[in-house]
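Numbering (this note's numbering), first residue to last: 162 to 393.
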């Protein structure tokens with residue numbers, strides 16, 4: 162499951178030429194590891210093809226339009242779970258400490274609840290613990306899959322794959338609760354105004370360099386970063 166999770170993390174990162182150049186390797190890793198069913202791998206193909214052959218600027222614009230302009234599609238887990246409550250800050254600190262215990266240390270512009278970073282962390286766990294950890298936010302993944310499906314976005318395939326890997330199908334009530342919390346929060350002017358304000362820092366993690374929630378996220382270094390227990 163390790164390579165599959167790291168591949169999904171890379172696909173969910175801000176599009177770049179480097180990611181496009183490694184799509185064939187990601188596709189091969191999915192097939193060789195076999196953590197995803199053939200149906201789930203087929204569902205990922207439109208996104209893989211787009212990232213491999215699409216225009217980089219168009220891909221980046223589409224990514225930002227999806228994930229930077231809508232709270233309901235935020236790629237930050239605690240945005241959906243805690244919103245703007247005080248609990249979010251403590252949750253950030255707790256999650257960052259879990260990462261440190263696993264040997265993962267974030268750059269200054271990386272927030273611990275950013276889903277690609279979370280997936281890299283989960284990839285460091287043994288398969289049973291990884292599934293259990295993925296299952297905890299499975300309702301967020303399922304809600305994001307539904308919302309992206311509604312928009313016809315190929316990124317939905319990533320979240321369907323995560324729900325499958327978690328081996329837990331969230332209930333409609335769990336997803337509906339998240340949808341209710343997010344209702345009415347997608348106004349672009351409001352989002353722009355919020356991200357123009359000074360960011361709140363959690364330990365050493367700050368906002369991303371462009372000021373938006375995902376716009377300039379550092380690329381995931383999963384392929385090159387050793388896992389805990391790996392040989393240097």
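The beta carbon of each residue, even a glycine, is placed where N, CA and C say it ideally should be. Note that the structure is a prediction, hence the values are computed from the model and not measured.
Between the alpha carbons of residue 329 and residue 309, how many angstroms are there, rounded? For the purposes of this step, residue 329 is taken as residue 168 along the chain shown, with counting starting at 1. For the purposes of this step, residue 309 is taken as residue 148 along the chain shown, with counting starting at 1. Spanning the two alpha carbons is a distance of roughly 19 Å.
CB contact flag (residue 190, residue 165, <8 Å): Here residue 190 refers to the residue found at position 29 of the chain shown. Here residue 165 refers to the residue found at position 4 of the chain shown. In this structure, residue 165 lies closer than 8 Å to residue 190 by Cβ.
Collapsed DSSP secondary structure at residue 241 in the structure displayed: Residue 241 sits at position 80 when you count from the first residue of the chain shown. DSSP places residue 241 in helix when its eight states are reduced to three.
DSSP bridge partner residues for residue 275 (one or two, in chain order): Working through the chain shown from its first residue, we reach residue 275 at position 114. The partner list for residue 275 (beta bridge, DSSP) reads 237.
Please name the residue in 302, 284, 335 and 318 whose C-alpha comes closest to that of residue 202. As a first step, residue 202 is located in the chain shown; it is residue number 41 there, counting from the start. The candidate whose alpha carbon is nearest that of residue 202 is 318.
Just the Cα atoms here: how many angstroms apart are residue 218 and residue 313? Numbered from 1 along the chain shown, position 57 holds the residue referred to as residue 218. Numbered from 1 along the chain shown, position 152 holds the residue referred to as residue 313. So the two alpha carbons sit approximately 20 Å from each other.
Span separating the alpha-carbon of residue 223 from that of residue 199: By 1-based counting over the chain shown, the position of residue 223 is 62. By 1-based counting over the chain shown, the position of residue 199 is 38. Approximately 27 Å between the Cα atoms of the pair.
Where does residue 222 sit, in a helix, a strand or coil, going by DSSP? Position 61 of the chain shown, counted from the start, is the residue given in the question as residue 222. Looking at residue 222 - three-state DSSP - the assignment turns out to be helix.
Does the stretch 230-240 touch the stretch 272-282, meaning 3 or more C-beta pairs lie closer than 8 Å? Yes: the two stretches touch, three or more of their Cβ pairs being nearer than 8 Å.
Under the three-state DSSP convention, the category residue 171 falls into: To locate residue 171, count along the chain shown from 1; it is residue 10. Three-state DSSP puts residue 171 in a helix.
Candidates 220, 302 and 188: which alpha carbon is nearest residue 205's? Looking up residue 205 in the chain shown gives position 44. Ranking the options by Cα distance to residue 205, first place goes to 188.
What whole-angstrom Cβ distance do residue 286 and residue 294 have, given they're in contact under 8 Å? One-based indexing of the chain shown puts residue 286 at position 125. One-based indexing of the chain shown puts residue 294 at position 133. That pair is a contact at about 6 Å.
Give me the residue from 303, 170, 321 and 324 with the minimum Cα distance to residue 334. For the purposes of this step, residue 334 is taken as the residue at position 173 of the chain shown. Of the candidates 303, 170, 321 and 324, the one whose C-alpha sits nearest the C-alpha of residue 334 is 303.
Roughly how many whole angstroms lie between the Cα atoms of residue 320 and residue 299? The residue you call residue 320 lines up with position 159 of the chain shown. The residue you call residue 299 lines up with position 138 of the chain shown. Straight-line Cα distance between these residues: approximately 9 Å.
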